[in-house]
Structures are given as structure tokens and as C-alpha cells.
Amino acid sequence: MEMPLFRLLCLVATAISFLVIIPTNYLHHRPAEINAAVFCFGLSALWLFRRACQGKHHLKSFFFLLLLLLNLVWFPSGGTSGSSGYFFYCLFLYPPIFYRGKTRWLLLVLAVADAVMLLAAEIVFPGSVVHYAAAYDRTADLAVGLVMSAFCCSMMLWLLLEQHDREQRRLMSLNEELRMAMDDRACVESSMLQNRELLHAVIEGTTDAVFVKNLQGQYLLFNRAAEAMTGVSAGQALGNDDHAVFPPDVAQKAMAKDRYVLETREPQTNEVNLASPDGETRIFEAIKGPLQDGKGNLVGVFGISRDVTERRRMAEELRKLNEELELRVIERTGRLEAAMREQESFSYSVSHDLRGPLRHINSYTAIIEEEFGAELPAEAKRYMDRIRNSSRIMGDLIDDLLELSRIGRSELNKVPVSLSELAGGIGHQLLESEPARQAELVIEPGLRVHGDRVLLRQLLENLLDNAWKYSRGRGCARIEVGKSDWGERDAFFVRDNGVGFDMTYQDKLFGAFQRLHGSEFEGTGIGLATVKRIVERHGGTVWAQGEVDAGATIYFTLS
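Taking the UniProt record's numbering, the leading residue of the sequence shown gets 1, the next gets one more, and so forth.
Below you can see the structure in the form of C-alpha cells.
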């Protein structure tokens, strides 16, 4: 604000000098030296205005030019009886407006001292004063001086008041900003205090020992858990190193670990065995790390120690239990494998040994029919048919037992297998076996698995044979082979619209020699047991869903 005013002041001084004072003095026949001084002052004020417009503000130059002008025209313009004295008021207002501090007071004192000296000189040398030629001239000069000085003083006073108001507003704004800053600082300090109290509560409330050391290894923080761990109070530990807390050997190791952390600037974790205050040796998991300030400077070491004695004890007990369980599993697995081998051997032996008597039965019945067929009565022939039929059933049963035994003994040869192709081939054979039968076989394409091709073919043959057999009584049989989602695995299925079964007996469905239907459906009860054995050898599961006279679905998964 002072710089625009200075430019305005220079411009007004130039205008008053050339447009008011010089013409007035000329009309009233004032001494020529007055107009010469005023002319020089006007030119100087104009030059100062141009410099101010260029950003160069010569504030003191204007002050001293005005002071020099007043001194030059004081006596020629009538001294105290003239108008020069009015302009001293402008000179007195100049320093308070444009300066601060010591300079303001020095210039103000200089202006007052100069005015006093002029008054004193006029008293001492009264003849030096040039009086007005007429009273009218003095009145006109006083009027012009009064108006011009009043205008300049008013302008400067207005600026001074405006500056005061601006400073007042600025101070009020600064005061408001300061108040807000103080409020913010109070909030921050309150938040920091709450955080500090919260952190202190967490550190003191945790069951883990927490400590902080400076670069010299002296404790700066030692919480209650650390007191309980060492049996040393915080008062004894703070300000001291590890020798005040631990036995000498433990203290040396701890201090060596601190030095290593400070050198590497990386956290370290290790286990420490310490004797508790009650004499029991406890195991602690200790974590130490470098402590840095906000600028990243290394200022110390922090540490957290947790009592893991019970956890280690439980882990050791769990390890022993696992070892014992593993031994039991190995032992039971061995017994189970031996039992399975014995069962398979027994099944094979029984099946093999039964073939001899069956061959004899078949041979003797054939001889009897051949030699005595014509002489046998009808009742005897009926008995012979029943003997042959029973022998055939027994032969099928022996074959199934041998197949079941072979499945348990054979080694798996897993390769990529297309269930869709296998099912299609088996289904085609079934359709050719009974060409007059109305049946629809629906096989989902792209059913691929990884397994033993021979066993998987046996699995599908048994399932499709069952579906074909139990849907024989339908006008149009429908058999489906597909896949559905079952958790993380794919569940394959074979579905038919046959006679179904009662879900009450589903547990018996996959047992050997278990049959849920009468003699109108041929079979030995080994087929689904074989399916279960094949699925289990592939690491999968098998289950069934069905409803009486509404069909059945057999599901199976493979690993």
C-alpha cells in the first residue's frame, strides 16, 4: 500500500508545483527564487514518480527534497506568516507512514528539529524574512498553502488510517490463524497423549516382555512382563545395561546380539533359555531389531521376548504322539495288507479248488443224460436240469470271485482313458446282443480320466450290464453315462430308468453276494462289489441313489 501511495504523492507534488504554486506565486509577484526552488522540486518529484513506476522507490530522497524546499522558501515566502509552515505537517506525517522502527523516529526528529531551527533563525534574524507586498497576497498564499497542505495531509492521514485498519485486519487474521493453529496443536498434542497412553497400556498389558535400549546398551523401557521374566524391577533396569538384569554369561550374549543388530540393521530372532525367578528354566522366543528416529538415524535397539515353553512342550508331545500314531498306522496297515492278501489268497484258492468238483458234477450229469436219458422219468430230468443250472451259477460265482481277487492283486497301470469311448463300445455290444429291444443309450462326450484302462472297462461293463439288466422290463429303456460336479472333483454316473431299489438297503448294495432283487434277474451279487474295489483302488468313492420302480443312479469319483 505504501508504494502506490508514494507514486501518488510524487504525482500530486509535481502537479501542485507546476499547476498551483508556481502560477500563484507568479500572479502575486513572489520572489523568483521561490518559483525556481518549486520548479526544481516539481522536476525532482516527476523523476521520482517515473522511478517509482519502474519499481525503484526513493522514499528518503523525497523526504529530503521536501525538507530542502521548505528550508529554501521559508524566508522568501514570509516565514511563519507565510504558507510554508503548513507543509511541515505533511513532512511530519511522512516518516510514520513510510517507515518502521528506528528510521521512522530519526526522520521525524529531524523534521521537528529543522522546524524548530527555522523558527529560532526567524527570531534571531527577523530581517531575513521577505514580507508580502499587500495583505491580499498573504491571504491568497495562506489560502493556497492551507488547501494544498490540507489535501496532502488528508490524503496521507487517510492512507495512515487505511494502513492501520489493514494492519488491524491482518493482526486479527493472524490471531485467528494462531488460535486455530493452537487448537490444532492442542488436538495433536491430545491425540499424541492418547496414543502415548494407549501404547503404554498395550506395552504394559501384554504378556510379552518389551524393552528398549540406547546405543550404549542402557535400558530406556522395561515393561511389567520383562520384570516378571527376569525378576528385576524397571527401576533397577532403567539406565543400566544387561549386567544389571542377567547373569554375566547371559548378559554377554545379549550385548553381543545387540551389537550384531546395530551393525546389520536387521531384525534377529532366536530362542533363549533363561532361569525364571522361581528357578525353572523357561524358553523364550526373542526378537531384536534396530530402533530408528523419524530421520532414519539409528538410536538404539528394541526387543520383544515371548515365553514359548508351553508351546514347545506341546509341540514335543504332539511330535511324540505323531510318531506313535505313525507307528500304529504302519502296524495296522501291515496287518490290513496281510489280511487282504490272505483274503485274496483264500478267495483264489477257494475259487480254484471249487472248479474241480464242479467239473465232476458237469461231467457226471452229462454222462447220465447221454447213457440213461431215454430211461429217465420226467421228474428225474427236471432234477438234472436244476443240477446243471446250479452248477452254471456256481461257475459264474467262481469266475466273479476270481475276477474280484485279481482286481485286488493286479498292479495299476494308469494312462489317459476316455470313459466316453469305453462306454460307447460296451453299449454297442449290449444293443447288438438284443437287437429287438427298445433302448436309448445316451453318453456324454469328452469324459476323460487318468486310470487303469482294463479295470475301468471292467467297472463300466458291470455298471452298464446292471443298467441293461434292471431296465429290461421297460417299454423303452434309457441308460445315461455322464458327469456332474461334486465338490472339487468330478462325479461320473450311470443312470437307468429300471426297477430301482429301496434306499433303506443302500448300505448292502456294494457288498459281495448281496442281492436286492429276486431270481427273475440273473446275477451273483459280485458286480457292484467289484465296482467298489476298482473305484477304491483309484482313490475314489462310489455311492448310489434310487427309488423303487423309478430307476437308479450309480455315482463314482476317481483321484
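Positions of the beta carbon are idealized from the N, C-alpha and C atoms, including for glycine.
Quick one: residues in its chain with C-beta nearer than 6 angstroms to the C-beta of residue i, no 5 flanking neighbours on either side, listed in chain order?
i       : result
Phe-18  : Gly-42
Ser-305 : Ala-209, Phe-284, Ala-286
Thr-541 : Thr-557
Asn-25  : Ile-34, Asn-35
Quick check: the Cα distance between residue i and residue j, rounded to an integer number of angstroms?
i       : j       : result
Phe-88  : Ala-120 : 15 angstroms
Trp-105 : Val-112 : 11 angstroms
Ala-275 : Phe-246 : 10 angstroms
Glu-520 : Lys-469 : Confidence at Glu-520 is low in this model, with a pLDDT of 46, below 50, so its placement is unreliable and the value that follows should be read with caution. Straight-line Cα distance between these residues: approximately 10 angstroms.
Leu-558 : Arg-311 : 40 angstroms
His-517 : Pro-416 : Only weak support exists for where His-517 lies, its pLDDT of 47 falling under 50; the value from the coordinates is given anyway. The alpha-carbon atoms of His-517 and Pro-416 are separated by roughly 36 angstroms.
Leu-318 : Ile-330 : 18 angstroms
Glu-266 : Gln-292 : 12 angstroms
Arg-388 : Val-548 : 33 angstroms
Thr-264 : Ser-233 : 30 angstroms
Ile-398 : Glu-461 : 18 angstroms
Ile-526 : Phe-510 : 8 angstroms
Gly-395 : Asp-385 : 15 angstroms
Tyr-364 : Gly-427 : 38 angstroms
Glu-167 : Phe-92  : 21 angstroms
Kindly identify the DSSP beta-bridge partner or partners of residue i.
i       : result
Ile-554 : Val-494, Ala-544
Arg-306 : Glu-285
Ile-479 : Leu-441, Asp-496
Val-301 : Lys-213, Pro-290
Pro-416 : His-450
Tyr-219 : Lys-213, Leu-238
Leu-274 : Arg-282
Ser-484 : Ala-491
Thr-269 : Ile-287
Assign residue i to one of two classes, buried (16 or more other C-beta atoms within 10 Å of its C-beta) or exposed (fewer than that).
i           : result
Asn-466     : buried
Cys-90      : buried
Trp-158     : exposed
Pro-95      : buried
Thr-14      : buried
residue 596 : As shown, the chain starts at 1 and ends at 559. That puts residue 596 outside it, with no answer to give.
His-29      : exposed
residue 603 : No information on residue 603 is available, as it lies outside the stretch 1 to 559 that the chain covers here.
Cys-10      : buried
Asp-258     : buried
Arg-100     : exposed
Asn-175     : exposed
Pro-76      : buried
Tyr-260     : exposed
Gln-252     : exposed
Gln-438     : exposed
Asn-320     : Reading off the sequence shown, one finds Lys at residue 320, where the question assumed Asn. It counts as exposed.
Counting only the same chain and skipping the five closest in sequence on each side, list residues whose C-beta sits under 8 angstroms from that of residue i.
i       : result
Leu-262 : Leu-215, Pro-290, Leu-298, Val-301
Val-308 : Glu-271, Ile-283, Phe-284, Glu-285
Who are the near neighbours of residue i in its chain, counting only those whose CB is closer than 7 angstroms to its CB and skipping five residues on each side?
i       : result
Val-116 : none
Ala-237 : Tyr-219, Phe-222, Ala-244, Val-245
Asn-413 : Asp-452
Gly-79  : Glu-122, Val-129
Arg-7   : Phe-49, Ala-52, Cys-53
TODO: Evaluate the contact criterion for the segment 417 to 429 versus the segment 473 to 492: three or more CB pairs, one atom per stretch, below 8 angstroms.
DONE: yes
Open item on the list: Measuring CB atoms only, is the segment 530 to 545 touching the segment 468 to 475, in the sense that at least three cross pairs come out at less than 8 angstroms?
Closed with: no
- [ ] Could you say if the segment 275 to 285 and the segment 212 to 231 meet the contact criterion of at least three C-beta pairs nearer than 8 angstroms?
- [x] yes
Open item on the list: Could you check whether the segment 178 to 192 touches the segment 200 to 208, counting it as contact only if at least three pairs of C-beta atoms, one from each stretch, sit closer than 8 angstroms?
Closed with: no
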